[in-house]
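S.K.:
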Amino acid sequence: MSLRAPEATALPPAAEAPRPSIAGSSRRSRRVKYALTVLAFMLPSAIPLTLFVLGPMVGAAWVSLTEWNLLSPATFVGFDNYVSLWNDPETAEVFLHTIYYIVGYLPLVYIGGLALALALNAGLKGRSFLRGIYFLPVVTSWIVVALVWRWLLNPSTGVVNSALAWFGIDGPGWWTDPVWAMPSIIIASAWKDLGFVMVILLAGLQAINTELLDAARVDGAGWWRRLFSVVLPLLSPSTFFVIVISLINGFQVFDQVYAMTGGGPGGATQVVVQQIYDLTFRYGAAGEASALSWMLFAVVLGVTVIQIIGQRRWVTYG
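Here you go:
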């Protein structure tokens, strides 16, 4: 019996390391180029946004934690400014005045803008000229608009009270009367912003398929029925945009208040931003002013989020 050496078992060839995919590296390079291209286009707006919006917001957040009169060095006080504002009845009062303004302004500007948009969408002669006339107040300075309305609503020599006196009506004191001061600002604000709302809603009206309106007309729907059953539901995206923008602008109302009443008479028109201005430049309480601005930001953000969530229930796209 012969002993034979065992035959060597052939080993499998060593697995070669996977080579990088040319297609994969090409896709990554395209993504990098795309990201760099997007960044290059965003820089002209991102740099000012960072410097003049995000930077001041971060700075205001820090100032809100300090006691600072804009002259002496700031002293860190933590959340004392927020607690003080929360317990101050005047804070609730200025927020209520702001909400009062919004409640009066928003329906007035929307209904007026919708009426103008419907009229111009009906094919009136010279509607391009009328569109420009109605939009002119939007691009007019608020100082000019406020001075004009102060003159129009002057209790003794104003055009409005003179016209009311012609019909035997004793006009109110308007911006000099605590009861009528806020309605005066609401009227002036709605008049100025009617053109903006009109343009947005007019664009939405012109995007509605006319075949739907014709079908409703054939089914016997009258003008009001077509408005509430066809036009307004299809106009809901434009309405949603107008409401969101108007609410944000309403919470930040300042120019017309400062120019027409300065927060008076007797604090009847003192709104949140006017209070922030007064705390900073009249009372030297920049810390409290910054804290109030962040409280306002939280309210506006919360209201906007609620609107975005709620729009799924009533906004119709397509």
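With the sequence shown counted from 1, adding 20 to any position gets you our numbering. Virtual Cβ for every residue (Gly too), placed ideally from N, Cα, C.
1) What are the boundary residues of the alpha helix (DSSP H) that includes residue 210?
2) Please say whether residue 118 and residue 323 have beta carbons closer to each other than 7 Å?
3) Can you pull the DSSP bridge partners for residue 96?
4) Alpha carbon to alpha carbon, what distance is there between residue 82 and residue 103?
5) Three-state secondary structure (DSSP) at residue 335?
6) Could you give the C-beta distance for residue 319 and residue 262, rounded to a whole number, given that I count them as a contact under 8 Å?
7) So, at 7 Å on beta carbons, what are the nonlocal neighbours of residue 288 in its own chain, with the 5 sequence-adjacent residues on each side left out?
8) Measure how close the beta-carbons of residue 85 and residue 98 come, nearest whole angstrom, since I'm counting them as under 8 Å.
9) Under the three-state reduction of DSSP, which class applies to residue 282: helix, strand or coil?
10) Let me know the secondary structure DSSP gives residue 54 once reduced to three states.
11) Residue 173 and residue 311 - do their beta-carbons sit closer together than 7 Å?
12) Three or more C-beta pairs closer than 8 Å, one from the region 262–279 and one from the region 121–130: is that the case here?
13) Please determine if the region 226–241 and the region 161–178 are in contact, where contact requires at least 3 C-beta pairs separated by less than 8 Å.
14) Within a Cβ cutoff of 8 Å, which residues of the same chain sit near residue 179, ignoring the five residues on either side of it in sequence?
15) Given a cut-off of 7 Å, decide if residue 215 and residue 125 are closer than it, judged by their beta-carbon atoms.
16) Figure out for me which residue from 68, 71 and 90 has the closest Cα to the Cα of residue 307.
17) Taking DSSP as the reference, what is the three-state secondary structure of residue 291?
18) Can you tell me whether residue 57 is buried or exposed? The criterion is at least 16 other CB atoms within 10 Å of its CB, across all chains shown.
M.R.: Looking at the atomic coordinates:
1) Here residue 210 is taken as the residue at index 190 of the sequence shown, counted from 1. Residue range 201–226 is occupied by the alpha helix (DSSP H) that includes residue 210.
2) In the sequence shown, the residue the question calls residue 323 occupies position 303. In the sequence shown, the residue the question calls residue 118 occupies position 98. With respect to the 7 Å criterion, residue 323 and residue 118 are not classified as neighbours on the basis of their beta carbons.
3) The count along the sequence shown starts at 1 and reaches residue 96 at position 76. Answer by DSSP bridge pairing, in chain order: 86.
4) The residue given as residue 103 occupies position 83 in the sequence shown. The residue given as residue 82 occupies position 62 in the sequence shown. Straight across, the Cα-Cα distance linking residue 103 with residue 82 is about 16 Å.
5) On the sequence shown, residue 335 is found 315 positions in, with the first residue counted as 1. Coil at residue 335, not helix or strand.
6) Locating residue 319 in the sequence shown gives position 299, counting from the first residue. Locating residue 262 in the sequence shown gives position 242, counting from the first residue. The Cβ separation is near 20 Å, so there is no contact.
7) If you number the sequence shown from 1, residue 288 lands on position 268. Within the same chain, Cβ atoms closer than 7 Å to the Cβ of residue 288 are found at 198, 201 and 202, the five residues on either side in sequence being excluded.
8) Stepping through the sequence shown from its first residue, residue 85 is reached at position 65. Stepping through the sequence shown from its first residue, residue 98 is reached at position 78. At roughly 6 Å, the Cβ-Cβ gap stays under 8 Å, so residue 85 and residue 98 are in contact.
9) One-based indexing of the sequence shown puts residue 282 at position 262. Looking at residue 282 - three-state DSSP - the assignment turns out to be coil, as it is neither helix nor strand.
10) Against the sequence shown, residue 54 aligns to sequence position 34. In the structure shown, residue 54 falls within a helical segment according to DSSP collapsed to helix, strand and coil.
11) Position 291 of the sequence shown, counted from the first residue, corresponds to residue 311. Position 153 of the sequence shown, counted from the first residue, corresponds to residue 173. With respect to residue 173, residue 311 sits apart: the two C-beta atoms are not nearer than 7 Å.
12) The region 262–279 is in contact with the region 121–130.
13) The region 226–241 is not in contact with the region 161–178.
14) Position 159 of the sequence shown, counted from the start, is the residue given in the question as residue 179. Contacts found: 171 and 172.
15) In the sequence shown, counting from the first residue as 1, residue 125 sits at position 105. In the sequence shown, counting from the first residue as 1, residue 215 sits at position 195. A distance of 7 Å or more separates the beta carbons of residue 125 and residue 215.
16) As a position in the sequence shown, residue 307 is number 287, starting the count at 1. When only C-alpha atoms are compared, the closest one is 90.
17) The residue you call residue 291 lines up with position 271 of the sequence shown. In the structure shown, residue 291 sits in coil (DSSP, three-state: anything other than H, G, I, E or B).
18) Locating residue 57 in the sequence shown gives position 37, counting from the first residue. For residue 57, the number of other beta carbons within 10 angstroms of its own is below 16, and it is reported as exposed.
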